[in-house]
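>
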Amino acid sequence: MSTRDLVLVALFAAIIVALGLVPPFTLGFIPVPITAQSLGVMLAGCILGARRGAAAVLLVLLLVVIGLPVLSGGRGGLAVFVGPTAGYLAGWVAGAFVTGLIAERLVRETQPELAQFLGFLAAAIVGGIGVVYLFGIAWLSYSSGKAFMEIAMASLIFIPGDLIKAFIAMLAGRAVLAGYPLLPART
Amino acid sequence: MDIVFSEASVSFAGRPALHPLSLRLFERRIGIIGLNGSGKTTFARLINGLLRPTIGQVTVGGLDTVKDEAAVRGRAGFIFQNPQHQMILPVLSEDIAFGLKNRRLSKEEISARTDAVLERFRITHLAGRRIHELSGGETQLAAIASVLVTGPDVLILDEPTNQLDLKNRRLIEETIAGLPEQAIVITHDLPLLDGFDRVLLFHEGRLEADAAPQEAVRTYRRIVGC
Amino acid sequence: MLTGLDIAGDTPLHRASARLKLILLFLAAVALFLVHSPWALAAAAIIAVGLYASTGIAPGEAVRRVRFVLFTVLLVAVANYIFHSLDDALAVLFRLGALVLLAAAVTATTTISAFMDEITRLLRPLERFGFVRAADVSLAVGLVLRFVPEILARYGDIREAHRARGLRVRPLGVLVPLIILTLKDADTIAMAIDARAFRRQ
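Which chain is which? The protein sequence lines are A, B and C, in order. For the record, in the first sequence the residue sitting at position 16 is 16 according to the working numbering, with numbers rising by one throughout. For the record, in the second sequence the residue sitting at position 144 is 1144 according to the working numbering, with numbers rising by one throughout. For the record, in the third sequence the residue sitting at position 89 is 2089 according to the working numbering, with numbers rising by one throughout.
(1) Consult DSSP for H2084/C and reduce its assignment to one of helix, strand or coil.
(2) Quick check on the DSSP output: what are the complete alpha helix (DSSP H) runs of length 4 or more inside the region 1021-1072 of chain B, in order along the chain?
(3) Is it true that the CB of A1127/B sits closer than 7 Å to the CB of S1106/B?
(4) Taking contact to mean at least 3 C-beta pairs separated by less than 8 Å, is the region 1028-1046 of chain B in contact with the region 1131-1139 of chain B?
(5) Tell me the DSSP bridge mates of Q1214/B?
(6) Could one say the Cβ of S144/A lies closer than 7 Å to chain C's Cβ atoms, at least one of them?
(7) Would the C-beta of G45/A count as close to the ligand NAD, meaning under 6 Å from any of its heavy atoms?
(8) Check each residue of the region 71-94 of chain A: if its Cβ is closer than 8 Å to any Cβ of chain C, include it; give the result in chain order.
(9) So which residues of chain B does D2185/C contact, with C-beta pairs closer than 8 Å?
(10) Taking 7 Å as the CB-CB limit, is P1152/B close to chain C?
(11) Could you tell me which chain B residues have their CB closer than 7 Å to the CB of E2118/C, listed as they occur along the chain?
(12) Residues of chain F with a CB under 7 Å from the CB of E150/A: which are they?
(13) In chain A, what lies closer than 8 Å to A2029/C by C-beta?
(14) Could you run through the region 1069-1081 of chain B and flag, in chain order, every residue whose CB is less than 7 Å away from some CB of chain C?
(15) Suppose the cutoff is 7 Å on Cβ atoms and the five residues either side in sequence are ignored; what does the same chain contact list for S1149/B look like?
(16) Which whole-angstrom value is the C-beta distance of A1008/B and P1053/B, which I expect to be below 8 Å?
(17) Mind checking if G2004/C is an interface residue toward chain A, Cβ cutoff 7 Å exclusive?
(18) Between the region 83-100 of chain A and the region 128-137 of chain A, do three or more beta carbon pairs fall short of 8 Å?
(19) Taking the CB atoms as reference points, tell me whether L1155/B and G1077/B lie closer together than 7 Å.
(20) So, for H1019/B: in the same chain, excluding its five sequence neighbours on each side, which residues have a beta-carbon less than 7 Å away from its beta-carbon?
(21) What does A2040/C touch in chain B if you count any residue whose Cβ is under 9 Å from its own?
(22) From I1223/B to I1184/B, what distance separates their C-alpha atoms?
(23) Would you mind giving the Cβ-Cβ distance between P1232/B and L1193/B, rounded to the nearest angstrom? I have them listed as a contact below 8 Å.
(24) Any C-beta of chain A sitting closer than 7 Å to the C-beta of A2155/C?
(25) Could you check whether the Cβ of G179/A sits closer than 7 Å to any Cβ belonging to chain C?
(26) Quick one, which residues of the region 1131-1161 of chain B are near chain C if we go by CB-CB under 8 Å, in chain order?
(27) Measuring only the C-alpha atoms, how far is A2153/C from F2147/C?
(28) Taking P181/A as the reference, give the member of E104/A, E150/A, S143/A and L114/A with the closest Cα.
(29) Residue range of the beta strand (DSSP E) that G91/A falls in?
(30) Taking the alpha carbon of G1049/B as the reference point, which residue from P1152/B, F1202/B and V1066/B has its own alpha carbon closest?
(31) Using a Cβ-Cβ cutoff of 7 Å, what residues of the region 2129-2152 of chain C are near chain B? List them in chain order.
(32) When burial is assigned at 16 or more other CB atoms within 10 Å of the CB, is C46/A buried or exposed?
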C-alpha cells in the first residue's frame, strides 16, 4: 500500500466515524431516520474500490475494538462484537470489499452517466446489502437460539431503508467519481 | 550544505513547470520569490525529493534526491504551505515524536529530544494540546519544531507567514531569523527577506533573477509592473 | 472529543494483561455457547454482572454503554419465548447478556495503548509475510483521531454554506462535497508523511 493509499483509507475511516457522530438524516418522504454510518460502508467500496474500501471499514472496527465509541450513537468496545447484531459489523468489511469489486468491474470514468449509476447501484445492493445481510443473518441465526428463522425474517424489515441508502450511495458514488475519481478500474 | 541543480527541469504531462536550471546553493538564508504558479514550489520540492526532476539531477550534500531519497529527506526538512496538513497525529507531543519513530531510538531518547525541541521553540506548554485546537502561529511553530526534531541540515519553508496575523507573522519572522540551520524560504512576504544572503526570482518557470534581496525584489516589481 | 471507554482504576481486572483478558473472554464465549441449561447460564450472567461492577464504573455509565446491545439481546429472547419456550428464551438472554457484560468489563479496564500493543504483537507474524505493517496500522489509527474533528468542522461549514445560499440541507448536498474535500487532502498529507521520512523501508 502506498502512503497515499494509507492516507485515503484513514481519511475515509475518519469520514465514517464522523458520519456516526452527526445527527441522522431524515428524508422528507419517509419518517425513518437514516443513520449515515452503514451508508459509509457502501460509499467506501464505491469510492475507494475493494481493497482500500474494506481496509477503511476494517480500520473503523479496529477503533471500536480498542475501546473508542465511534459507532453511531456513541457505541463502541468489545460488547458490540458479541451481541446478536455483531455479524452485520463483520459483514461491513466483506460488504465494502464486494461493493468495491463490483464497482471496479462495472464502472468506468468514460461510460455514459446511466451506466455508471446502474453499476454503482448494483455494487451497493449486492455488496452493501446482500453480503452484509449474509454475514449478519448467519451470526444472528447462530447466536439467537431456536427462533433463528423468525428472527432472520424479522431482520428483513430493514431492507427498504437499506435500499434507500444504496440509492444515495449510487448518487454520491457517481458524483464523487465525476469530481475526484479514485476508483481503480478492473477488467 | 551544498545543494546542486544540474540541468534539472520538470514538466507535468508534457507542459514545462520548471525550465532546465543549473545552480549551487550554499548560503545560510536563501529566499525564493515569484508570482503564483511561477515554479517556486516546484523548485523547492525538488530539493528534498518530494518531486523528481523530469530531466537532470539534484543533489543535497552530494546525495542524489532520486537515488538516495530517504537519506535526502533526513537532511532536508520541508514545512508545507498549510502546516495543518503536515501535523499528522492528534496531539502535539505525539506528532513531534512521530518523526523520530522508526529510527531505532529508545523511548527515553525520543521523549528527551521531543522535550528539547518544544523547549527550544518555547511551546512546552502546548505539548499535550490537540493539533486542531492550536492557533495559526502555534501551528506554524509546532510544524517547524516537528521537522527540526529530526535534525535536518537545511529547512525549506513554503510561505511560512501566509495566513498569519501581524503578531504571529513577526513571531515566525524572528524564529526564522534565529535558526542556526540553513533555511530556504518561499515567500510573498517581501520584508521577511531583509538580511537574507541570496534571493531567487522565478517567473513563468524560469529563474529570472539570482541576486541580493533588494535587487531581486526590484526586478520582481519591474516584471510584474507594480 | 474521542476519548476511550477505559475507566481509570486499580482493580484485579485493570491489573490483568490485555492478552489474558482477551483469551479469557474468548474462552468464556466458547463455554457459554456449549452450555444450554438456563440455570447454569443464569449463574454465569450473575458472575458477569459482578465482574462488570467490579471495574468501578459508575452505575449510570455502566447501563448507558450496554443498553443498546442488551436491548437487541432482549428482542431475541422475546422472539424465542413467543415461538418456542421460556427455557429457550432465558438461555439466550443469559448467555448473550453474560457475554456482553464480560466484553464491556474488558473494554472498561483496558487502555487504548494496551490494546494497540496487543494488536501490534498479533500483526507481527503477518508483517513477516508482507501483508501489513504494524507501524502503518498505528499511524492509520492516529490519522483517524487527528482528522475526525476537522471533518466534523467541515461538515458544519458545508451545512452553513448551504443555509447561507438559501439551499435546503440534503444528505447528498452535504456528503459529496464533504467526501471530495476531505479526500483531496490525501495527497498533501501523504506528501507530509513522506517528507518526514516515516515509512522508510
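Built from N, CA and C at the ideal position, the CB exists for glycine as well. It should be emphasised that the depicted structure is a prediction, and the values quoted were computed from it without experimental measurement.
Walking through what the data contain:
(1) Correct three-state label for H2084/C: coil.
(2) Correct list: 1040-1047.
(3) Cβ atoms of S1106/B and A1127/B: not closer than 7 Å.
(4) No contact exists between the region 1028-1046 of chain B and the region 1131-1139 of chain B.
(5) The partner list for Q1214/B (beta bridge, DSSP) is empty, contrary to what the question assumes.
(6) For S144/A, the answer is yes, since a Cβ of chain C falls inside 7 Å of its Cβ.
(7) Among the components modelled here there is no ligand, and therefore nothing to report on the ligand NAD.
(8) Interface annotation for the region 71-94 of chain A against chain C: G73, R75, G76, G77, L78, A79, V80, F81, V82, G83, P84 and T85, criterion Cβ-Cβ distance under 8 Å.
(9) Within 8 Å Cβ-Cβ: H1085.
(10) By this cut-off, P1152/B is not an interface position.
(11) By Cβ distance, chain B contributes nothing, its closest Cβ being about 18 Å from E2118/C, past 7 Å.
(12) Looking for chain F here will not work: the only protein chains present are A, B and C.
(13) Against A2029/C, the close residues of chain A are V82, in the order they occur along the chain (beta-carbon pairs closer than 8 Å).
(14) Along the region 1069-1081 of chain B, the positions whose C-beta sits under 7 Å from a C-beta of chain C are A1070, R1073, G1074, F1078 and F1080, read in chain order.
(15) The residue asked about is misnamed: residue 1149/B is Val in this sequence, not Ser. Apart from the 5 residues on each side of it in sequence, V1149/B sits with its Cβ closer than 7 Å to the Cβ of I1096, G1099, L1100, R1113, T1114 and V1117 in its chain, given in chain order.
(16) Yes, they are in contact, since the Cβ atoms of A1008/B and P1053/B sit about 4 Å apart, within 8 Å.
(17) The beta-carbon of G2004/C is placed less than 7 Å from the nearest beta-carbon of chain A.
(18) Put simply, the region 83-100 of chain A touches the region 128-137 of chain A. At least three CB pairs are less than 8 Å apart.
(19) Taking 7 Å as the Cβ cut-off, L1155/B and G1077/B qualify as a contacting pair.
(20) Taken in chain order, the residues that qualify are S1009, G1205 and R1206.
(21) Per Cβ cutoff of 9 Å: no residues; A2040/C is ~45 Å from chain B at best.
(22) Rounded to the nearest whole angstrom, the CA to CA distance from I1223/B to I1184/B is 23 Å.
(23) Residue 1232/B lies beyond the stretch modelled for chain B, which goes from 1001 to 1226, so this question has no answer here.
(24) Here residue 2155/C is Tyr; the residue named in the question, Ala, does not match the sequence. When Cβ-Cβ separations below 7 Å define contact, Y2155/C makes contact with chain A.
(25) With a threshold of 7 Å between beta carbons, G179/A makes contact with chain C.
(26) Flagged, chain order: I1131, H1132, S1146, V1147 and T1150.
(27) If you take the alpha carbons of A2153/C and F2147/C, they lie about 10 Å apart.
(28) P181/A has its Cα closest to that of E104/A, out of E104/A, E150/A, S143/A and L114/A.
(29) Looking at the DSSP string, G91/A is not in any beta strand (DSSP E); the run it does join, the alpha helix (DSSP H), is A86 to L106.
(30) Looking at the Cα atoms, V1066/B is the closest of the given residues.
(31) Going along the region 2129-2152 of chain C in chain order, one finds A2135, G2142, L2143, L2145, R2146, P2149 and E2150 with a Cβ nearer than 7 Å to chain B.
(32) C46/A should be labelled buried.
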